[in-house]
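Q: Provided herewith is a single structure, encoded as structure tokens, for subsequent inquiry.
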Amino acid sequence: MMTANEIRDSFKQFFEGKGHKIEASAPMVIKDDPTLMFTNAGMNQWKDIILGTRDPEPRRRADSQKCLRVSGKHNDLEEVGHDTYHHTMFEMLGNWSFGDYFKREAIDYAWEYLVDVLHLNPQDIYVTVFEGSEEEGIARDDEAAEYWSKHLPADHIINGNKHDNFWEMGETGPCGPCSEIHLDSRSAKEKAEVHGASLVNKDNPQVIEIWNIVFMQFNRKSDGSLQPLPMHVIDTGMGFERLVRSLQGKTSNYDTDVFQPVIQEISRLSGLKYGADEKVDVAMRVVADHLRAVAFSIADGQLPGNAKLDTLFVVSFAAPFVTPTPSWSNVRPSCLSCCPPSSTRWARPIPN
Ligand code: SER
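Rendered as structure tokens:
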């Protein structure tokens, strides 16, 4: 079985072999973009290139970007710990084409990596394509559907609406139609009873999106209009923790070698067993998730320069430990038990 580190390396090696320069992750706290507080996607650090104001060379790049989704348009905070596949902080594996290849190659590369390199079963793979939007004046993405049809039968290619299949960085900024790759990890019996296609984007914890391929073509202006970008851009983002879970044959991200060492340490410190009581499990997952976010934040250099941010994180993750209740099952298993709602918690820029 591949370890998480080996899986990350294999992604980089694959795209390096396709002529991509391997780049470092940008910091999670954004310093120079007033439209965004935290890095919420791999494309953030390339925004200037995408908008045409920075040299795009080299035009093929790949990386593993640390992302934080706790506010704004992309906010997963409420799901964390309650389910087994959303995180505050996660790694996003991405490959980029700035005016080089576009839909055909992006789809073929994704397929080759998942099926030929990682040996995922094609029968477990479903993809979505943008169904189009009259409001935006954009037709269905027949082109992406055609490229997918080289690899998958028609009942594995599903139309998706603007909510799921038109990716936008925020209220303004680069955006475009996207094609998501979903993986069905249910048992053979469950698969025989219910077709996987009917469970895509239906919150089934075993039929989840693992990779999003965005065909960046527009810049959303503050008046809501779409302006064509100076070049076509490929922006892909794969959930590293979800990929690891699939490859390690687990049904939860927290059962992988990304999280198990932390969960076991929480268990040792607390004297509580993971897997015995769902409420305790949720609390342990929240702590493990937040601890990872804090660790990566500190590694990013956020202490002591941005101590307020770290204080927020520490308060969030430490709360279940310090709440003076005799049993964790009495603790509301979310950092919302101790902090104000996310909209107020994260709404203001954090002073230096
Ligand atoms: N920008 C897309 C996302 O964040 C793909 O990288 O999902």
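Using my numbering, you'd call the opening residue of the sequence shown number 1 and step up by one each time. Built from N, CA and C at the ideal position, the CB exists for glycine as well.
1. How long is the line joining the alpha carbons of K189 and A62, rounded to whole angstroms?
2. Taking the alpha helix (DSSP H) that V282 falls in, what are its first and last residues?
3. Given the structure, does W148 come close to the ligand SER, in the sense that its CB is under 8 Å from one of the ligand's heavy atoms?
4. Counting along the chain, where does the beta strand (DSSP E) carrying G237 start and finish?
5. Could you check the C-alpha separation between D55 and D48 for me, to the nearest Å?
6. Give the straight-line distance between the Cα atoms of E193 and L199, rounded to the nearest whole angstrom.
7. Quick one: give me the first and last residue of the alpha helix (DSSP H) that W148 is part of.
8. Hey, out of V29, A139, R59 and P174, whose CA is closest to G160's CA?
9. Below 9 Å between beta carbons: does that hold for E209 and E180?
10. Do P205 and D83 have their C-beta atoms closer together than 9 Å?
11. Measuring from the CB of A283, is there a heavy atom of the ligand SER at a distance below 8 Å?
12. Taking Cβ positions, are V127 and I157 nearer each other than 9 Å?
13. Suppose the cutoff is 8 Å on Cβ atoms and the five residues either side in sequence are ignored; what does the same chain contact list for E136 look like?
14. Can you tell me the Cα-Cα spacing of R242 and N5, whole angstroms?
15. If distances are taken between C-alpha atoms only, which option among D124, P177, T172 and G176 comes closest to L152?
16. Spell out the partners DSSP gives F102 in its beta bridges.
17. At which residues does the alpha helix (DSSP H) containing P261 begin and terminate?
18. I need the straight-line Cα distance from P27 to T35, nearest angstrom please.
19. How about the stretch 287-295 and the stretch 75-90: do they share at least three Cβ pairs that are nearer than 8 Å?
20. Once the 5 residues before and after F102 are set aside, which same chain residues still bring their CB inside 8 Å of it?
21. Quick check on R245: buried or exposed, where buried means 16 or more other Cβ atoms within 10 Å of its Cβ?
22. The beta strand (DSSP E) spanning S179 covers which residue range?
23. On the premise that R59 lies in contact with S406, defined as a C-beta separation below 8 Å, what is that separation, rounded to the nearest angstrom?
24. With E358 as the anchor, note down where its beta strand (DSSP E) starts and where it stops.
A: Considering the structure as presented:
1. 38 Å
2. E278 to A299
3. no
4. L226 to G239
5. 9 Å
6. 12 Å
7. D142 to S149
8. A139
9. yes
10. yes
11. no
12. yes
13. K162, F166 and L226
14. 14 Å
15. D124
16. DSSP lists no partner for F102.
17. Q260 to S270
18. 16 Å
19. yes
20. F215, H232 and I234
21. buried
22. G173 to D184
23. In the structure as shown, the chain starts at 1 and stops at 352, and residue 406 therefore has no counterpart that could be examined.
24. Here the chain comprises residues numbered 1 to 352, so residue 358 is not present and cannot be evaluated.
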